[in-house]
Amino acid sequence: MATPSGAVTSSDAAAPAPARPARRRRRTVGQRASFGSALLWLGPALLLIAGVVVYPAIALVQASLSRFSVTGLRLGGAGADNYRHVLDHPDLGTVLTNTVIWVVAVVALTVLISLAVAQFLTKEFFGRRLVRWALIVPWAASLVITAKTFVLIYDFYYGTLNTVRDHLGMSPVDYLGSDTWILPAMIVVGVFVSVPFTAYVFIAGLAAIPGDVYEAARIDGASPWQIYRRITLPLLRPALMVASVLNIIYVFNSFPIIWTLNDRNPGFSHDTTITFMYKLAFKSAEKDVGMSAAAGIFNVLLILVVVAIYLKVTSWKEETR
Amino acid sequence: MHTKTTVVAGGLVAALALAACGGGTGAGDSGATGGGASGSGGSGSGGKTIKLVAAEYSKDNTAKFWNQFKTKYEAKTGNKLEVQIVSWDTIDQTSSTMIQNNNAPDILNLNAYASYAKDDLLYSADDVLSPTAKADLLPAFVKSGTYKDKMYGMPDLSSARAFFYNKALFTKAGIASPPKTWAEFEADAKKIKALGKGAIGYALPLGPEESQGEFSIWTFNNGGTWKNGDTWAINSDKNVKTLEFMKKLAVDDKVTQNNPGKTNRQQAFDLFKSGNVGMVVGFSPLAADLDKEKKVDYGVAPMPTADGGTPKTFGVTDYLMAFKKPGNQQAVKDFYDLYYSKDQVNQFIKAEGFLPVTKTGLDYFKNDAKLKVYLDTLPNIQLTPTDDPAWDKVKLAVQQNLGSGVGPSGDPKKTLDSLQKTAESSS
């Protein structure tokens, strides 16, 4: 839950690996599987995809084209009304701005910090195993619990941070209630929960770089910074791409942090598109499932566009190199 | 090896298919079994399955009560009762999803019913409530449960707000008795604040959780209201004066906690429980917590009023509403008959620490000294306009926006004007 780990495990599950590959040489490469056995292998995955991806997607589109009562009762077709209402919403601009700041800040900081952490954790040092384990903890904890913990840290009256400030003779700060502090406060939590996964991707990436490339560079007299910029970063590119794309999708869709840390603030002034959508359906004066569904469609389109642009920009750089 | 894996995979497919079917027909089941049974008539029709979706008032007691209720109900009627307890945070979402999927529960416990009645989804009391049970309900709750001359919202329990004060802080600040007017209240709050060490005069929660409740009790005691007959009066002079007074407390006097427009009720209660707050508007469950923790020596008093007149109490009741579904009428009637029997409804209310909704309930609780201050006011309680479907949206708008009126740059008049506009366009 805390990271794109969900995506990783589900793709693992979709491709069942034979238990003892060495013993099973009988099945030679390239042999065609019959349609029936292929269907049996793929069946569960296909059913799952139909049930949890295709059907909800259809239901979402249907809902976005329907008019709903505040009770959830479908009153009839709405045409494009729901979409129009979302685009006309007075807080849409604020919500989109918040979303951009949230995604860009969290992903950029996460990648930068994770690069440093990964670099550090590939060095041999006493207690490295312990540090690596410690890094997993925020990843393993449920996001809601992490967010609640940070509420306790940030709280104006009981928060750890303000207790520390008090001891230092500083006046307390309302991290969760003040309009200037709430977004940075949420970004810190977003980075905190995203670093573990990202750092592990980078550790794996660094481990895959062969040592002799570095040896050659050193013999040629390259400085450490040159080595990092000209060898490590380019060879880490696949890992960087994976980490960035997964983080963009994941951070963009992140609900619990913003919901939990922002719940005392009225209105939409600190919401991203995800919490905006939820409030439209259940918490705001609109309380309209149809409008929320339309916002959901915009949300999917938005993330597709953002990822497409990201991939385009990064591969364009590769071509011009 | 090869065949074995194929078999396993095949089994998985079958299991998934079965699971999918199970989910699809589960809802239909109850309807199908009921069709035949209802024809037999009589009180013990039996064999029908109905579903209750109930809000969770407390982790300890809600599920416990409904489970024993289920056992009793099933033994008495031969029907089956499915119980689903849902937290207040998500019950709106749960119920609207159920209705959207054409899979409404038979009975739903919620704080709103009028929109459901407007959508023609509910049985009225004439259909499912016995005359004795209806006659026993307190008139204020019958009125609040009535939409267009018919009662649809059956009250399950109620609560009334009262004014809590910290006796230790009052003594320290040299205040002899709880304030009776707003002027006294403001002076007392200043005295407590002057004690220093983080002391807070009054904890004012106008955040998105329940700001309509906090505002109600203050404005009712200033002669304000949400609705005058059939017209919305959200931006009436009295209401504007009330919100201006609250802003004054927060911004000019600074006698409230930090940022009242962004404080939820629970946070205000937590502050009061910590012993740093002089006054707060609370209700019986807060008293129960305070008694359990024994940290704060508190008193409960009627609300101070703007001009020293007779205090008014703001009350809340939640509802058990019944959805019209083919063949479930008798089973629902049996449900209500059992729920409103003395040993059930009062047992529930007692366990949760709330207040009764029936005349016999008033009698049942009358010897409880702790509840006296609330019980005395219960028959004259003033509620929010829950009988208006528009209120279901207005309430959300109030929760989301009222707090902005008491910020440093807030404009009480403008805030209430915009809420008035929302109310008028929702009607």
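One line per chain: the protein sequences are F and G, in this order.
Positions in the first sequence are counted from 1; adding 254 to them yields my numbering.
Positions in the second sequence are counted from 1; adding 752 to them yields my numbering.
Note that CB positions come from ideal geometry on N, CA and C, so glycine has one too.
Just so it is clear, the structure is predicted and the values come from calculations on it, not from any experiment.
#1: Of all Cβ atoms in chain F, is any one closer than 8 Å to the Cβ of Ala892 of chain G?
#2: With distances taken Cα to Cα, identify the nearest neighbour of Thr1065 of chain G among G:Trp970, G:Lys895 and G:Ala864.
#3: Taking a cut of 9 Å between CB atoms, which residues from the region 1130-1151 of chain G lie near chain F?
#4: Between the C-alpha atoms of Gly1013 of chain G and Ala806 of chain G, what's the straight-line distance to the nearest angstrom?
#5: Name the chain G residues whose beta carbon is nearer than 8 Å to that of Asp342 of chain F?
#6: Applying the 10 Å Cβ sphere with the 16-neighbour rule, what's the burial state of Asp1089 of chain G?
#7: Please identify the residue among G:Ile851, G:Glu961 and G:Asp858 whose C-alpha is closest to the C-alpha of Ser323 of chain F.
#8: Decide if the region 903-914 of chain G is in contact with the region 1092-1110 of chain G; the criterion is three or more beta carbon pairs, one per stretch, under 8 Å apart.
#9: Could you have a look at Pro1078 of chain G and say whether DSSP puts it in helix, strand or coil?
#10: For Ser848 of chain G, I'd like the list of residues in its chain whose CB is within less than 8 Å of its CB, leaving aside the five on either flank, ordered along the chain.
#11: Could you tell me which chain G residues have their CB closer than 8 Å to the CB of Ala359 of chain F, listed as they occur along the chain?
#12: Can you give the Cα-Cα distance for Asp1059 of chain G and Phe972 of chain G, rounded to whole angstroms?
#13: If you drop the 5 nearest sequence neighbours on each side, which residues of the same chain put their C-beta closer than 6 Å to that of Ile441 of chain F?
#14: Determine, for Gly959 of chain G, whether the minimum Cβ-Cβ distance to residues of chain F falls below 8 Å.
#15: Hey, Leu873 of chain G and Thr325 of chain F: beta-carbon distance below 8 Å or not?
#16: Within the 8 Å Cβ cut-off, does Asp525 of chain F reach chain G?
#17: If I follow the unbroken alpha helix (DSSP H) through Asp1022 of chain G, where does it start and stop?
#18: Using a Cβ cut-off of 8 Å (strictly closer), state whether Leu1023 of chain G contacts chain F.
#19: Three or more C-beta pairs under 8 Å: does that hold for the region 538-557 of chain F against the region 311-318 of chain F?
#20: Could you have a look at Ala912 of chain G and say whether DSSP puts it in helix, strand or coil?
#21: So Leu889 of chain G and Leu1130 of chain G are in contact, right, with Cβ under 8 Å, and what is the actual spacing, rounded?
#22: Need the endpoints of the alpha helix (DSSP H) that Ser847 of chain G sits in, please.
#23: Using 8 Å as the threshold, is the C-beta distance between Ala877 of chain G and Tyr899 of chain G below it?
#24: The alpha helix (DSSP H) with Gln1152 of chain G in it runs from where to where?
#25: Figure out for me which residue from G:Asn861, G:Phe1024, G:Asp1120 and G:Lys1173 has the closest Cα to the Cα of Lys919 of chain G.
#26: State the Cα-Cα distance for the pair Ile502 of chain F and Asn352 of chain F, rounded to the nearest angstrom.
#27: So is Gly1027 of chain G in contact with chain F if we call contact Cβ pairs under 8 Å?
#28: State the start and end residues of the unbroken alpha helix (DSSP H) segment that holds Ile463 of chain F.
#29: Quick one: what's got a C-beta closer than 6 Å to Gly413 of chain F's C-beta in the same chain, skipping five residues either side?
#30: Taking just the CA atoms, how far does Val398 of chain F sit from Phe1035 of chain G?
#31: Give a yes or no on whether the minimum CB-CB distance between Leu873 of chain G and chain F is below 8 Å.
#32: For Pro1160 of chain G, which of G:Ile843, G:Thr801, G:Leu860 and G:Lys999 has the nearest alpha-carbon?
#33: Given that Asp908 of chain G touches chain F, what residues does it touch there, using C-beta distances under 8 Å?
#34: What does DSSP give as the partner residue(s) for Asn861 of chain G in the beta ladder?
#35: How about Leu845 of chain G: is its C-beta nearer than 8 Å to some C-beta of chain F?
#36: Report yes or no: is there a C-beta of chain F within less than 8 Å of the C-beta of Pro1160 of chain G?
So, from the data block:
#1: no
#2: G:Trp970
#3: Pro1141, Asp1144, Lys1145, Val1146, Lys1147, Leu1148, Ala1149, Val1150 and Gln1151
#4: 30 Å
#5: By Cβ distance, chain G contributes nothing, its closest Cβ being about 14 Å from Asp342 of chain F, past 8 Å.
#6: buried
#7: G:Ile851
#8: yes
#9: coil
#10: none
#11: Under the 8 Å cutoff, chain G gives no residues; its nearest Cβ is about 22 Å from Ala359 of chain F.
#12: 12 Å
#13: Ala359 and Val360
#14: yes
#15: yes
#16: no
#17: Arg1017 to Lys1025
#18: yes
#19: yes
#20: strand
#21: In fact, because the Cβ distance is near 12 Å, the residues do not count as touching under 8 Å.
#22: Ile843 to Gln852
#23: no
#24: Pro1141 to Asn1153
#25: G:Phe1024
#26: 14 Å
#27: no
#28: Premise fails: Ile463 of chain F is in no alpha helix (DSSP H) and is neither H nor E.
#29: Ile407
#30: 29 Å
#31: yes
#32: G:Lys999
#33: Those do not exist, as Asp908 of chain G stays about 19 Å from chain F at its closest Cβ, beyond 8 Å.
#34: G:Leu1072
#35: According to the sequence as given, residue 845 of chain G is Gln; it is not Leu. Gln845 of chain G counts as touching chain F.
#36: no
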